[in-house]
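Number of protein chains: 2
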Amino acid sequence: MLDKRDAIAVPEAVKQVMKYAPKGEIEYVSIDKCDQRYLGDAVKASHDIPPFDRAPYDGFAIRAEDSVHASLDNPVEFEVIEEIGAGYIAKKEVGPYQAVRIMTGALMPKECNAVVMLELAKDIEKDGKPYMVIKRSYKPGDNVSYQGSETKAGEVLVQEGRRINPGVKALLATFGYGRVPVVKKPVVGLYATGTELLDVNEPMEPGKIRNSNAYMISSQINRVGAEATYYGKLEDDFDTCFKAVKKALDEVDILITTGGVSVGDYDYVPEIYKKLGAEVLFNKIMMRPGSVTTVAQYNGKLLFGLSGNPSACFVGFELYARPIIRSWFHSQKPHMQKVKATLNSDFTKANPFTRFVRSKLLFNEGKLFVEPSGLDKSNVVTSLVDCDSLIILPGGTRGFTKGDEVDVLLLEDQIGSEWPWN
Amino acid sequence: MLDKRDAIAVPEAVKQVMKYAPKGEIEYVSIDKCDQRYLGDAVKASHDIPPFDRAPYDGFAIRAEDSVHASLDNPVEFEVIEEIGAGYIAKKEVGPYQAVRIMTGALMPKECNAVVMLELAKDIEKDGKPYMVIKRSYKPGDNVSYQGSETKAGEVLVQEGRRINPGVKALLATFGYGRVPVVKKPVVGLYATGTELLDVNEPMEPGKIRNSNAYMISSQINRVGAEATYYGKLEDDFDTCFKAVKKALDEVDILITTGGVSVGDYDYVPEIYKKLGAEVLFNKIMMRPGSVTTVAQYNGKLLFGLSGNPSACFVGFELYARPIIRSWFHSQKPHMQKVKATLNSDFTKANPFTRFVRSKLLFNEGKLFVEPSGLDKSNVVTSLVDCDSLIILPGGTRGFTKGDEVDVLLLEDQIGSEWPWN
Chain A
11 MLDKRDAIAV
21 PEAVKQVMKY
31 APKGEIEYVS
41 IDKCDQRYLG
51 DAVKASHDIP
61 PFDRAPYDGF
71 AIRAEDSVHA
81 SLDNPVEFEV
91 IEEIGAGYIA
101 KKEVGPYQAV
111 RIMTGALMPK
121 ECNAVVMLEL
131 AKDIEKDGKP
141 YMVIKRSYKP
151 GDNVSYQGSE
161 TKAGEVLVQE
171 GRRINPGVKA
181 LLATFGYGRV
191 PVVKKPVVGL
201 YATGTELLDV
211 NEPMEPGKIR
221 NSNAYMISSQ
231 INRVGAEATY
241 YGKLEDDFDT
251 CFKAVKKALD
261 EVDILITTGG
271 VSVGDYDYVP
281 EIYKKLGAEV
291 LFNKIMMRPG
301 SVTTVAQYNG
311 KLLFGLSGNP
321 SACFVGFELY
331 ARPIIRSWFH
341 SQKPHMQKVK
351 ATLNSDFTKA
361 NPFTRFVRSK
371 LLFNEGKLFV
381 EPSGLDKSNV
391 VTSLVDCDSL
401 IILPGGTRGF
411 TKGDEVDVLL
421 LEDQIGSEWP
431 WN
Chain B
11 MLDKRDAIAV
21 PEAVKQVMKY
31 APKGEIEYVS
41 IDKCDQRYLG
51 DAVKASHDIP
61 PFDRAPYDGF
71 AIRAEDSVHA
81 SLDNPVEFEV
91 IEEIGAGYIA
101 KKEVGPYQAV
111 RIMTGALMPK
121 ECNAVVMLEL
131 AKDIEKDGKP
141 YMVIKRSYKP
151 GDNVSYQGSE
161 TKAGEVLVQE
171 GRRINPGVKA
181 LLATFGYGRV
191 PVVKKPVVGL
201 YATGTELLDV
211 NEPMEPGKIR
221 NSNAYMISSQ
231 INRVGAEATY
241 YGKLEDDFDT
251 CFKAVKKALD
261 EVDILITTGG
271 VSVGDYDYVP
281 EIYKKLGAEV
291 LFNKIMMRPG
301 SVTTVAQYNG
311 KLLFGLSGNP
321 SACFVGFELY
331 ARPIIRSWFH
341 SQKPHMQKVK
351 ATLNSDFTKA
361 NPFTRFVRSK
371 LLFNEGKLFV
381 EPSGLDKSNV
391 VTSLVDCDSL
401 IILPGGTRGF
411 TKGDEVDVLL
421 LEDQIGSEWP
431 WN
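For the protein sequence lines, the chains are A and B, in the order given. When you line the first sequence up against the working numbering, it's residues 11 to 432, in that order. When you line the second sequence up against the working numbering, it's residues 11 to 432, in that order.
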């Protein structure tokens with residue numbers, strides 16, 4: 011009655027899955043719609059920054075050589091021949107002892123090579139004409155932002171696979187990316203299995219619970235930047251299930267099912283994989299929760315058979331499906347970032363398998379602490395509300411106590427990691 | 011020519027702005043569309059969790075009293091009279107030395123009070139009928155998840171103002187929230203000012219730069235969970251500007267402009283506020299970058315006059331506009347979370363004003379480190395790409411060196427803080 015299953019270690023399971031990591035194609039979207047998308051190509055500077063020599067402050071553009079003898083005892087006067095705001099171009103030629111009133115960001119008149127800050131100049135009038143007076147000297151280049159001093163045209167500023175944040179979007183705008191190359195979102199199909207599942211709008215019935223996994227996973231998929239195509243609940247009948255999965259496989263890039271992977275008599279998912287002719291990469295992992303997580307590939311497409319248990323489902327998604335979706339998006343760091351933190355609670359029970367505890371990070375005096383985000387029973391959905399990380403407790407013969415240093419995987423982090431299991 | 015402006019301290023400026031914090035109304039959206047929205051009401055358990063007494067494992071439901079004498083030397087046999095999967099209900103009454111094969115999550119037969127795990131029972135057949143044998147005793151309640159043992163109906167599980175993440179969404183589904191009360195998004199109007207600004211699709215011209223601030227801020231607004239209504243670039247003419255701002259004010263909940271707040275002759279924003287009759291809360295703050303950040307209120311609506319300088323604009327938004335938008339969303343912790351970290355770089359130059367340095371967090375051996383995310387010039391847009399935090403360097407007469415402990419504000423954090431300036 012019990013299947014014989016060989017449990018493999020978590021890093022090995024990740025490695026097996028990553029062999030089939032697909033890579034998405036590029037599409038172009040309007041810059042107005044690019045937030046949180048992944049760059050399909052590197053962002054290059056299409057011009058120098060600054061694009062021209064400009065004034066970094068409000069003040070007066072002068073020829074530095076005219077100021078050489080200026081000092082407290084020897085104020086030097088300049089005739090203010092013109093005024094230019096940012097976006098304008100000086101019309102007059104600047105001669106000896108002439109100045110141009112210039113605004114922040116404005117193009118330097120070509121004869122000028124220094125800017126006197128407004129606060130350091132005194133306005134006067136002579137013969138009805140505006141003048142300004144300075145009491146110090148300037149060197150060529152003083153207060154000038156030179157073309158290309160920050161970035162040269164052609165420089166690669168952001169690599170492909172980066173998620174677009176406010177800073178990246180600012181760069182895209184700066185360099186004229188009205189249409190932005192992003193990675194197309196994969197079609198991630200989602201099925202929930204289980205006769206016990208009620209739809210969110212159905213009233214409660216004895217022996218039944220509402221389907222929460224499909225909603226939870228769709229939100230996890232969104233967090234990574236993709237979207238779920240929800241195919242609904244799988245019927246209890248094997249043939250119906252099989253046909254549904256086969257049809258979905260034609261339409262999706264990745265297929266996720268929840269439930270049906272245990273050793274129970276109603277757990278059809280392994281049989282479906284078998285009848286499909288899909289290659290099961292593993293069906294037992296040395297981890298808790300989620301040891302029955304099963305992943306298969308069919309013509310190179312990955313089928314994730316996640317546990318029906320909410321917490322196991324949650325962890326299984328983050329460990330195995332998340333890096334696949336991030337790889338699809340060309341991320342160079344598809345895995346979760348792993349950091350060290352100090353345990354704030356005891357875990358006295360030893361466990362032969364590695365445990366992944368849903369947890370909450372705390373910063374205190376420059377140190378990182380971590381504690382469970384709720385009751386740590388694998389069926390406790392409330393512990394997911396405050397969950398921003400997963401504590402890794404290696405399997406073995408001992409428990410862990412408050413104050414121990416542990417590894418923690420970050421869930422909200424946008425940076426990621428090349429390979430967290432080193 | 012220079013306005014006299016009185017600089018106020020950052021905490022005082024935040025306090026002034028928060029006096030006018032608006033609070034958004036509630037609307038209902040489908041659970042399918044609720045990701046990343048803010049809860050407009052608390053989430054309450056609409057039923058117990060578990061909703062009924064259930065088996066947490068695959069196994070056999072028995073009456074514990076029948077197992078009292080079971081031991082290695084005295085195996086006890088049970089007739090297996092029925093099989094129930096999750097979602098099904100037992101049909102037969104369980105008598106002495108009878109058992110029901112039960113799947114994970116299934117409702118316990120009402121006569122049973124313990125579950126024998128599948129691995130600990132041996133299947134046999136007797137007279138053509140299925141039996142199972144155990145070699146240990148069970149107490150009432152062994153391996154039973156009792157109704158309400160995790161959560162009682164009526165319990166408040168998530169407070170209003172929380173952003174919906176995968177865990178919150180799972181709870182919403184569990185408790186039948188097909189339509190979810192969320193806070194309506196505010197209309198955040200956005201104007202860019204500056205004759206030097208080219209649209210993203212326009213070719214470069216001498217003296218001009220492309221408008222990046224509007225795109226950057228729209229992305230910052232998105233990150234907080236709202237959406238920008240971009241009104242375009244403001245014309246150079248005062249009357250046109252004035253009319254445009256006045257019209258926008260009728261349509262928006264919050265108005266943000268970038269540029270035009272310096273002391274330059276082309277900086278119209280203060281004049282517009284004056285002619286409107288808006289109350290200027292402050293027009294100079296003891297901070298760098300962004301000292302000219304100007305905020306006004308007009309009939310209780312906030313007008314944010316952010317600097318046209320990209321980095322000043324970025325910081326001004328996060329310090330003053332972000333908590334207003336999060337307050338709108340009923341967040342109890344609208345400000346950025348402030349943590350301690352160790353500086354990874356030197357900042358030798360003293361500065362009279364508090365500096366906010368765009369920075370990047372690093373975790374190393376359980377400690378938090380922070381370093382500038384790029385060149386720290388206020389016009390350097392590239393330093394925003396890796397920016398996930400802001401280092402606070404208090405104003406004063408000394409610089410800071412590598413190894414110093416500093417305060418850091420977190421930009422990507424979803425938790426926030428009630429008041430970061432304690």
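All C-beta atoms, glycine included, are put in the ideal place defined by N, C-alpha and C.
Residue i, buried or exposed, once every other Cβ within 10 Å from all chains shown has been counted against 16
i	result
B/LYS359	exposed
B/ASN211	exposed
A/ASP396	buried
A/PRO454	Residue 454 of chain A is absent from the model: chain A starts at 11 and stops at 432.
A/SER40	exposed
Beta-ladder partner(s) of residue i, from DSSP
i	result
B/ASN374	B/LYS377
A/HIS345	A/SER427
B/ARG220	B/LEU208
B/GLY69	B/ILE112, B/MET127
A/GLY242	A/TYR201
B/MET28	Its beta-bridge partners do not exist; DSSP assigns none.
B/SER56	Note: B/SER56 sits in no beta bridge, so no partner.
A/THR364	A/MET297
A/SER399	A/SER369, A/LEU420
A/THR268	A/ALA202, A/LEU316
A/LYS311	A/TYR308
A/ALA351	A/VAL416
A/LEU49	A/VAL192
A/LEU117	A/ARG64
CA-to-CA distance, residue j to residue i, given in whole angstroms
i	j	result
A/TRP429	A/MET346	8 Å
B/SER448	A/ILE227	Since the first residue shown for chain B is 11 and the last is 432, residue 448 of chain B is missing from the structure and cannot be characterised.
A/ILE266	A/PRO333	14 Å
A/GLU245	A/LYS25	32 Å
B/HIS340	B/MET28	13 Å
A/GLU215	B/CYS122	20 Å
A/GLU93	B/VAL271	18 Å
B/THR411	B/ASP356	4 Å
B/LYS179	B/ILE219	43 Å
B/SER76	B/GLN157	It is Asp, not Ser, that sits at residue 76 of chain B in the sequence shown. Cα to Cα, the separation comes out at about 23 Å.
B/TYR107	B/PRO140	13 Å
A/PRO21	A/THR303	14 Å
A/GLU170	B/ASN232	22 Å
B/THR184	A/VAL234	23 Å
B/PRO438	A/ALA351	No answer is possible for residue 438 of chain B: it lies beyond the span of chain B, which begins at 11 and ends at 432.
A/ASN293	A/PRO362	18 Å
B/ASP386	B/ASP414	Residue placement at B/ASP386 cannot be trusted, given a pLDDT of 49 that sits under 50; what the coordinates show is reported in the next sentence. So the two alpha carbons sit approximately 18 Å from each other.
A/ASN354	B/ARG73	40 Å
Sequence-distant residues of its chain with Cβ nearer than 8 Å to residue i (five each side left out)
i	result
B/ASP398	SER369, LYS370, LEU371, SER383, LEU420, LEU421, GLU422
A/ASN153	ALA65, PRO66, TYR67, GLY69, ALA124, VAL125, VAL126, MET127
B/GLU261	VAL197, GLY199, THR239
A/GLU135	TYR141
Contacting residues, own chain, Cβ-Cβ under 7 Å from residue i (five flanking each side not counted)
i	result
B/TYR38	ARG189, VAL190, PRO191
A/ILE174	CYS44, ASP45, GLN46, ARG47, LEU49
B/ILE282	CYS251, PHE252, VAL255
B/PRO150	ALA74, ASN123, ALA124
Proximity test, residue i beta-carbon vs the ligand FAD heavy atom, cut-off 6 Å
i	result
B/ILE134	Ligands in the displayed structure: none, and consequently the ligand FAD is not present.
Cut-off 6 Å between Cβ atoms - residues of its own chain near residue i, not counting five sequence neighbours on either side
i	result
A/LYS243	ALA202, LEU207
A/PRO404	THR364
B/VAL53	LEU167, VAL168, LEU181
A/LYS286	Before going further, note that residue 286 of chain A is Leu rather than Lys in the sequence given. So the list reads TYR308, once near-sequence residues are dropped.
Mind listing which residues of the stretch 179-193 of chain B have their C-beta closer than 8 Å to chain A's C-betas, in chain order?
LYS179, ALA180, LEU181, LEU182, ALA183, THR184, PHE185, GLY186, TYR187, GLY188
Residues within the stretch 214-227 of chain A neighbouring chain B, beta-carbon criterion of under 7 Å:
MET214, PRO216, GLY217, LYS218, ILE219, ARG220, ASN221, SER222, TYR225, MET226
Got a sec: which bits of the stretch 116-142 of chain A sit with their beta carbon under 9 Å from any beta carbon on chain B, in order along the chain?
ALA116, LEU117, LEU128, GLU129, ASP133
Counting only Cβ-Cβ distances shorter than 7 Å, please list the residues of the stretch 223-257 of chain A near chain B, keeping chain order.
TYR225, MET226, SER229, GLN230, ASN232, ARG233
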